[in-house]
Amino acid sequence: MQTMAHVFNHGKLLLQRLHQQREMDFLCDITIMVKDVEFRAHRNVLAAFSEYFSAQAEKGQEIMTLDPEKVSRYSLEKLLEFIYTGHMNLSR
301 MQTMAHVFNH GKLLLQRLHQ QREMDFLCDI TIMVKDVEFR AHRNVLAAFS EYFSAQAEKG
361 QEIMTLDPEK VSRYSLEKLL EFIYTGHMNL SR
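Quick note on numbering: the sequence shown equals residues 301 to 392 in our numbering.
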């Protein structure tokens, strides 16, 4: 006989914990640079969300530099907010 356990909102709880860890720079293993601004993140979270970040993660670099002509600091900040929370507040 097989017994199953189910945790309501498991994915949401996991994302909340990862977001908290990112805010504390706990176990973050990649730095994303836009101009002179650093954003810390978890490589596996980024790779799970985006094919672009997945391809970058495969390179094994600890620092990823993004072209500020293509990605603004604000847009990356909002993207990371969305990746880690599932929400995006666009008001400044």
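Glycine is no exception: its CB is placed at the ideal position from the N, C-alpha and C atoms.
Specify, as a first and last residue, the run of the alpha helix (DSSP H) that Thr385 falls within.
Taken as a continuous stretch (DSSP letters only), the alpha helix (DSSP H) holding Thr385 covers Arg373 to Thr385.
Own chain residues within Cβ distance below 7 angstroms of Arg343, not counting five before or after:
Asp329, Ile330 and Ala357
Just confirm the distance between the C-beta atoms of Val334 and Arg373, as a whole number of angstroms; I'd bet it's less than 8 angstroms.
Confirmed, about 5 angstroms.
Taking the C-alpha atoms as reference points, what is the distance between Val307 and Arg340?
29 angstroms
Secondary structure at Ala305, three-state DSSP: helix, strand or coil?
coil
Boundaries (first-last residue) of the beta strand (DSSP E) holding Glu338:
Val337 to Ala341
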